[in-house]
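Let me begin by presenting the structure, written as structure tokens, before commenting on it.
There are 2 protein chains.
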Amino acid sequence: MVNETIRNILARRSIRRFHDKPVEEDKVKLIIECAFAAPSAGNSRPAHFIVVDDKKLLSSLAKAHPFGKMLERCPLAIVVCGDPTQSEQASYYWEEDCSAAMENILLAAQALDLGSVWLGVQHAPAVELAVREFLKIPPHIKVLGIAALGYPAENKDPHEGILDGKVHLNQW
Amino acid sequence: MVNETIRNILARRSIRRFHDKPVEEDKVKLIIECAFAAPSAGNSRPAHFIVVDDKKLLSSLAKAHPFGKMLERCPLAIVVCGDPTQSEQASYYWEEDCSAAMENILLAAQALDLGSVWLGVQHAPAVELAVREFLKIPPHIKVLGIAALGYPAENKDPHEGILDGKVHLNQW
Chain A
8 MVNETIRNIL
18 ARRSIRRFHD
28 KPVEEDKVKL
38 IIECAFAAPS
48 AGNSRPAHFI
58 VVDDKKLLSS
68 LAKAHPFGKM
78 LERCPLAIVV
88 CGDPTQSEQA
98 SYYWEEDCSA
108 AMENILLAAQ
118 ALDLGSVWLG
128 VQHAPAVELA
138 VREFLKIPPH
148 IKVLGIAALG
158 YPAENKDPHE
168 GILDGKVHLN
178 QW
Chain B
8 MVNETIRNIL
18 ARRSIRRFHD
28 KPVEEDKVKL
38 IIECAFAAPS
48 AGNSRPAHFI
58 VVDDKKLLSS
68 LAKAHPFGKM
78 LERCPLAIVV
88 CGDPTQSEQA
98 SYYWEEDCSA
108 AMENILLAAQ
118 ALDLGSVWLG
128 VQHAPAVELA
138 VREFLKIPPH
148 IKVLGIAALG
158 YPAENKDPHE
168 GILDGKVHLN
178 QW
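So the sequence lines, in the order shown, correspond to chains A and B. Read in order, the letters of the first sequence are residues 8 to 179 in our numbering. Read in order, the letters of the second sequence are residues 8 to 179 in our numbering.
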């Protein structure tokens, strides 16, 4: 019953060390296509994606984020943003919609032999402000987070199992 | 370059019509295992999952949710909850963490020949309250949403392409 897709979901781990090798443009396009394939409330699709491969910008992002050191050395980042003005539903659900898109990015990367890590942004106001300035993000757009991506230079075991006490049958 | 996992991500669509056929327990377990494999901020893993297959409860949920009619006729729902008291990071990031877990549920379902749809809950206070009561969810726990699941009785084309104006290179 366990197939390639299930194995891919279980195999995705946070990767913070990358080889000094660019990510092919075709792979970037496919990852972005997968990001757009995520569901969104009322299908309003509020997500925007900023593909960052400029070394100077990656270095600026690395300095701005307390857990973002790897951005200095990875070849690619995708910044996931949301437009809460896209629709009434987007104003409530942009975070959920953008998080699903982010998860698709990480899973698609894994499927294409890349590693990735999700760096949170929106709940760290100083980081959010710096990212916004470096990438010229308009004021009405929210910044969910950053995916750092590249060919992995570390190996991690796949996830397995179910956490005790966190699955409930029919009622809590 | 397009492999089974990429195809699975693109093929996932919101499915609202289901066959009257239960979902095998092994599949439910695998879906939940995939849900736990989602990333979380600081690895604090705040997600809880309520697996609902009781027909009376599914019917109650269907009546409580304005877009939840299909819960009356689907064999299974997984309610994704978050515990913001799990850690300081969970208090900020539980929505993002739980949304990634929800997306894993939908993608794992697709990989196991099931269909699914994500019903938002937390931003609809009356719905949230009803779900909370029916499923005896404790006050400190948040309810992200409900995945309705089952064998699909409708077909939809896969996603393709990239939305104009929503991909930016290096800066907005």
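Just so you know, even glycine gets a beta-carbon here, dropped at the ideal spot from N, CA and C. Just so it is clear, the structure is predicted and the values come from calculations on it, not from any experiment.
Check, Outcome
"Is DSSP giving A/G49 helix, strand or coil here?", "helix"
"Could you check what DSSP says for B/V124 in three-state terms: helix, strand or coil?", "strand"
"What are the residues in the stretch 21-49 of chain A lying within 8 Å of chain B by C-beta distance?", "S21, D33, K34, K36, L37, I39, E40, C41, F43, A44, A45, P46 and A48"
"Let me confirm a value: B/V9 is counted as buried when at least 16 other C-beta atoms fall within 10 Å, else exposed. Which label applies?", "exposed"
"Any C-beta of chain B sitting closer than 9 Å to the C-beta of A/E161?", "no"
"Fully enclosed by the stretch 83-125 of chain A, which beta strand (DSSP E) runs are 3 residues long or longer?", "83-89"
"Whose Cβ in chain A lies nearer than 7 Å to the Cβ of B/L176?", "V58"
"Could you give the distance in angstroms between the alpha-carbon of B/A84 and the alpha-carbon of B/L126?", "10 Å"
"Considering only the alpha carbon of each residue, which of B/Y158, B/P53 and B/T92 lies closest to B/L212?", "For residue 212 of chain B there is no data in the structure shown, the boundaries of chain B being 8 and 179."
"Where does A/N162 land, buried or exposed, given buried means 16+ other C-beta within 10 angstroms?", "exposed"
"Would A/Q8 pass as an interface residue toward chain B - the criterion being a Cβ-Cβ separation below 9 Å?", "Going by the sequence as given, residue 8 of chain A is Met instead of Gln. Taking Cβ atoms only, chain B reaches closer than 9 Å to A/M8, which makes this a yes."
"What distance in whole Å lies between the Cβ atoms of A/P53 and A/D104, which are believed to be in contact at a cut-off of 8 Å?", "6 Å"
"Answer yes or no: does any C-beta atom of chain A fall closer than 9 Å to that of B/P91?", "no"
"DSSP three-state label for A/F25, please.", "strand"
"In chain order, what residues of the same chain lie with their CB nearer than 6 Å to the CB of A/H166, ignoring the 5 residues before and after it?", "L17"
"Buried or exposed: which applies to A/A133, given that a residue is buried once 16 or more other Cβ atoms fall within 10 Å of its Cβ?", "exposed"
"Would A/I4 pass as a contact of B/A115 if the rule is Cβ separation under 9 Å?", "Examination of residue 4 of chain A is not possible in this model, given that chain A is present from 8 through 179 alone."
"Please state the DSSP three-state secondary structure of A/F56.", "strand"
"Check whether the Cβ of B/K76 lies closer than 9 Å to any Cβ atom in chain A.", "no"
"Where do the N-terminal and C-terminal ends of the alpha helix (DSSP H) with A/L176 fall, by residue?", "First-last for A/L176: V174 to L176, but that is the beta strand (DSSP E), not the alpha helix (DSSP H)."
"Could you please give the first and the last residue of the uninterrupted alpha helix (DSSP H) stretch that includes B/A137?", "P132 to F141"
"Rounded to whole angstroms, how far is the Cβ of B/L142 from the Cβ of B/V87, which I believe are closer than 8 Å?", "Actually they are not in contact, since the Cβ atoms of B/L142 and B/V87 sit about 12 Å apart, beyond 8 Å."
"Starting from the Cα of A/F25, find the closest Cα among A/A155, A/A97, A/I169 and A/E110 and give me that residue.", "A/A155"
"Near A/R80, which residues of its chain fall below 7 Å by C-beta distance, leaving aside the five closest residues on each side in sequence?", "F25"
"For the stretch 55-65 of chain B against the stretch 28-39 of chain B, do three or more pairs of beta-carbon atoms, one drawn from each stretch, fall closer than 8 Å, so that the two count as touching?", "yes"
"Let me see if you follow: with CB-CB separation under 9 Å, is A/L119 close to chain B or not?", "yes"
"Decide if A/K149 is buried, meaning its Cβ has at least 16 other Cβ atoms within 10 Å, or exposed.", "buried"
"Hey, how far is the Cα of B/R20 from the Cα of A/P91?", "22 Å"
"Who are the Cβ neighbours of A/W64 in its own chain at under 8 Å, not counting the five residues just before and after it?", "Contrary to the premise, residue 64 of chain A reads as Leu rather than Trp in this sequence. For A/L64, where only same-chain residues beyond five positions count, the Cβ hits under 8 Å are F141 and L142."
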